[in-house]
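Presented below is the structure to which this report refers.
Numbering (the numbering used here), first residue to last: 21 to 157.
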């Protein structure tokens with residue numbers, strides 16, 4: 021075998037994204053950016069590391085709707101994958117929806133939320149869908 025392609029590897033998705041960092045420097049006051057930068061760096065580390073690896077390992081699984089149980093009773097439950105379960109916990113811990121509503125940074129709170137969600141979404145198997153529905157409700 022003459023050629024073997026290496027799998028993709030991601031670094032810190034915040035530190036490596038100069039466009040996002042440039043946008044935030046332009047859109048946020050320096051004191052707000054200074055306050056949230058460590059949090060964005062942590063989300064970038066998770067997104068490029070353990071979340072990305074978990075998503076790759078679980079890429080063939082999707083949440084499943086179970087409409088009926090083995091006895092023919094209607095149960096209508098969704099069986100979530102490990103990635104979705106982890107993403108659900110992490111989204112709550114990191115305040116991915118709450119950040120915009122807590123208004124800690126006033127009118128810049130939505131930008132803060134956007135940056136967190138932007139980093140979180142690609143490595144969490146589209147768990148951002150229920151987050152968007154929650155945010156819009």
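Where a beta carbon is used, it is the ideal one built from N, C-alpha and C, also for glycine.
Secondary structure at residue 124: coil, using DSSP grouped into helix, strand and coil.
Its Cα nearest to that of residue 101, the residue 83 stands out among 114, 87 and 83.
Secondary structure note for residue 54: it is in no beta strand (DSSP E), and the uninterrupted alpha helix (DSSP H) holding it is 50-68. Residue state for residue 133 is assigned as helix, using DSSP reduced to three classes.
Comparing alpha carbon positions, the residue from 73, 45, 140 and 33 closest to residue 114 is 140. Distances from the CA of residue 155 to each of 143, 142, 144 and 134 were compared; the closest alpha carbon is that of 134.
Rounded to whole angstroms, the gap between the alpha carbons of residue 71 and residue 137 is 13 Å.
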